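Participant:
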Amino acid sequence: MELLYDLSFNQLKRWLDEHGEPGYRTEQVFEWAYQHTVRSFDEMTNLPKDLRQRLAEQFAIGPLEPIAEQTDVDAHKMLLAMPGGGEVECVAMRMEGYTSACLSSQVGCAVGCCFCASTVGGCDRNLTAGEILLQLISLRAAEGRIRNVVFMGMGEAFHNYEAVCESIQRMTDNRAMGLSPRHIAVSTAGVVPMIHRFATDGPPVALAVSLGSANQETRDMLMPGVARWDLGDLMAACYAFSEARGGEPVTFAYVMLAGINDQYHDVDRLARLLAAQPHHLNLIPYNEVPGCPYEAPDEQTIARFYDRCREAGLNVSVRRSRGQSIEAACGQLRRSRST
Ligand code: SF4
Numbered sequence: 302m303e304l305l306y307d308l309s310f311n312q313l314k315r316w317l318d319e320h321g322e323p324g325y326r327t328e329q330v331f332e333w334a335y336q337h338t339v340r341s342f343d344e345m346t347n348l349p350k351d352l353r354q355r356l357a358e359q360f361a362i363g364p365l366e367p368i369a370e371q372t373d374v375d376a377h378k379m380l381l382a383m384p385g386g387g388e389v390e391c392v393a394m395r396m397e398g399y400t401s402a403c404l405s406s407q408v409g410c411a412v413g414c415c416f417c418a419s420t421v422g423g424c425d426r427n428l429t430a431g432e433i434l435l436q437l438i439s440l441r442a443a444e445g446r447i448r449n450v451v452f453m454g455m456g457e458a459f460h461n462y463e464a465v466c467e468s469i470q471r472m473t474d475n476r477a478m479g480l481s482p483r484h485i486a487v488s489t490a491g492v493v494p495m496i497h498r499f500a501t502d503g504p505p506v507a508l509a510v511s512l513g514s515a516n517q518e519t520r521d522m523l524m525p526g527v528a529r530w531d532l533g534d535l536m537a538a539c540y541a542f543s544e545a546r547g548g549e550p551v552t553f554a555y556v557m558l559a560g561i562n563d564q565y566h567d568v569d570r571l572a573r574l575l576a577a578q579p580h581h582l583n584l585i586p587y588n589e590v591p592g593c594p595y596e597a598p599d600e601q602t603i604a605r606f607y608d609r610c611r612e613a614g615l616n617v618s619v620r621r622s623r624g625q626s627i628e629a630a631c632g633q634l635r636r637s638r639s640t
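FYI, my numbering numbers position 42 of the sequence shown as 343, with every residue one higher than the one before it.
#1: In whole angstroms, what separates the C-alpha of Thr640 from that of Leu428?
#2: Is DSSP giving Asn711 helix, strand or coil here?
#3: Just tell me which of Ser468, Thr552, His484 has its CA closest to the CA of Ala477.
#4: Assuming Phe553 contacts Leu512 (C-beta within less than 8 Å), just tell me the rounded distance between them.
#5: If you run the structure through DSSP and keep just helix, strand and coil, what is Trp316?
#6: Let me confirm a value: Gly479 is counted as buried when at least 16 other C-beta atoms fall within 10 Å, else exposed. Which label applies?
#7: Could you check where the beta strand (DSSP E) with Ile585 kicks off and where it finishes?
#8: Mind checking whether the beta-carbon of Cys415 lies closer than 6 Å to any heavy atom of the ligand SF4?
#9: Rounded to the nearest angstrom, what separates Cys414 and Pro586 at their Cα positions?
#10: In the structure shown, what three-state DSSP assignment does Ser468 receive?
#11: Go through the region 498-561 residue by residue and report every complete run of the alpha helix (DSSP H) that reaches 4 residues or more, in order.
#12: My output table needs one value for Thr327: the three-state DSSP class, helix, strand or coil.
#13: Would you be able to state if there are at least three C-beta pairs under 8 Å between the region 498-518 and the region 545-562?
#14: Using 6 Å as the cut-off, classify the Cβ of Leu490 as near or not near the heavy atoms of the ligand SF4, replying yes or no.
#15: What do you reckon, is the C-beta of Cys424 under 6 Å from a heavy atom of the ligand SF4?
#16: I'd like the list of long-range same chain contacts for Asn616, defined as Cβ closer than 7 Å, with 5 residues on each side in sequence excluded.
#17: Nearest to Met453 by alpha carbon, out of Thr602, Leu313, Ser401, Asp474?
#18: In this structure, does DSSP put Gly321 in helix, strand or coil?
#19: Residues in its own chain within less than 8 Å of Ser341 by CB, not counting five upstream and five downstream?
#20: Please name the residue, chosen from Tyr335, Leu584, Glu444, that lies closest to Ala515 on a Cα-to-Cα basis.
Have a look at this one:
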């Protein structure tokens, strides 16, 4: 059965038209589907009964019941069985005054970052736009209003460019979810050609790039799936993005690994790399992943690294991941019921 969230406004309009329904029904169905958490077409009480029945015969709708879930004070992680096959995790993070959703774009990931649980087992398939939206709708059903969205769950968002952009289109469409593009960020490990494409034809949302290291060799070792592009090409693409977006900064996520990328000379490299680039540097102390050999630096090293970044003129902050106790933190999402 087809997922209703996979249909664009125009596709649904066409379907309704073919079934003899007036144009305004599309707005009605979209409003029910995206602005209310309905679990069946029967709840769409301003639609004629026979239309509700025909929609139910053709399309699936409503939040998914998680097959596993965990919560702590600041995060709610769900494992969802996707209609098209495979399981993905998504997380609602309770921030001060709002909730942010961290969504997956693929079942698994092919990039192979050494510090990440999502890539264990490789990539099975891309999610559809509807399956991405379904994660958000399922989190909203449990957590209430969600203001922010980040594509930092399982998968490399730019390996599934079309579906990610299509899902953002419906998230930001006022006839559907009506989220502000300013509250949405797409994260990539650094798929350079797609950053260029995103700069010119992507939706007006923020870009985050996972850096790993400002040293080419170390980055290639940590993130083998993007090693074919060197740091110079990556920075040229980021610069093109900022230029195309009126000087908008790129957020660079820097997972800190003890003894790998946490020394003063790493700061100096970062400072050289980011000197001409509008940026925000997010230092993320590594969250332990079972089976990965790395450790987070101690607090003193993190503090010294941060201070040195500031002295070097970098726009920097340390991000403490939410949901660490339930393995919902950055780099910890995976397809497992045991986490
Ligand atoms: S950090 Fe992102 S790109 Fe790298 S393996 Fe994990 S999910 Fe994939």
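Glycine included, each C-beta is placed from N, C-alpha and C at the ideal position. Predicted model only: the values in this text are computed from it and were never measured.
Facilitator: Taking the structure as given:
#1: In the sequence shown, residue 640 corresponds to position 339, counting from 1. In the sequence shown, residue 428 corresponds to position 127, counting from 1. Caution applies to Thr640, whose pLDDT of 37 falls short of 50 and renders its modelled position unreliable; the model cannot decide the point.
#2: Shown here, the chain extends from 302 to 640; a query on residue 711 therefore has no answer.
#3: One-based indexing of the sequence shown puts residue 477 at position 176. Checking every option, the nearest Cα to that of Ala477 belongs to Ser468.
#4: Here residue 553 refers to the residue found at position 252 of the sequence shown. Here residue 512 refers to the residue found at position 211 of the sequence shown. Contact flag correct, Cβ pair sits at about 5 Å.
#5: Here residue 316 refers to the residue found at position 15 when the sequence shown is read from its first residue. Trp316: helix per DSSP, three-state reduction.
#6: For the purposes of this step, residue 479 is identified with residue 178 of the sequence shown, where counting begins at 1. Flag for Gly479 reads exposed.
#7: Position 284 of the sequence shown holds residue 585. Where Ile585 is concerned, the enclosing beta strand (DSSP E) stretches over 580-586.
#8: Here residue 415 refers to the residue found at position 114 when the sequence shown is read from its first residue. Annotation for Cys415 indicates a beta carbon at 6 Å or more from all heavy atoms of the ligand SF4.
#9: Working through the sequence shown from its first residue, we reach residue 414 at position 113. Working through the sequence shown from its first residue, we reach residue 586 at position 285. Here the alpha carbon of Cys414 sits roughly 15 Å from the alpha carbon of Pro586.
#10: Working through the sequence shown from its first residue, we reach residue 468 at position 167. Three-state result, Ser468: helix.
#11: 517-523, 532-545
#12: Here residue 327 refers to the residue found at position 26 when the sequence shown is read from its first residue. In the structure shown, Thr327 sits in a helix (DSSP, three-state: H, G or I).
#13: yes
#14: Start at 1 with the first residue of the sequence shown, and residue 490 comes out as number 189. For clarity, residue 490 is Ala in the given sequence; the question names Leu instead. Ala490 Cβ: within cutoff of the ligand SF4.
#15: To locate residue 424, count along the sequence shown from 1; it is residue 123. Every heavy atom of the ligand SF4 is 6 Å or more from the Cβ of Cys424, so no.
#16: By one-based count along the sequence shown, residue 616 stands at place 315. Counting only Cβ-Cβ distances below 7 Å, and skipping sequence neighbours, we find His580, His581, Leu582.
#17: Along the sequence shown, one-based indexing puts residue 453 at 152. Selected option, being the one with the closest Cα: Ser401.
#18: As a first step, residue 321 must be located in the sequence shown, where it is residue number 20. It is coil, neither helix nor strand.
#19: As a working note, residue 341 is residue 40 in the sequence shown. Hits under 8 Å: Ala357, Ile362, Gly363.
#20: Taking the first residue of the sequence shown as 1, we reach residue 515 at position 214. Nearest C-alpha to Ala515: Leu584.
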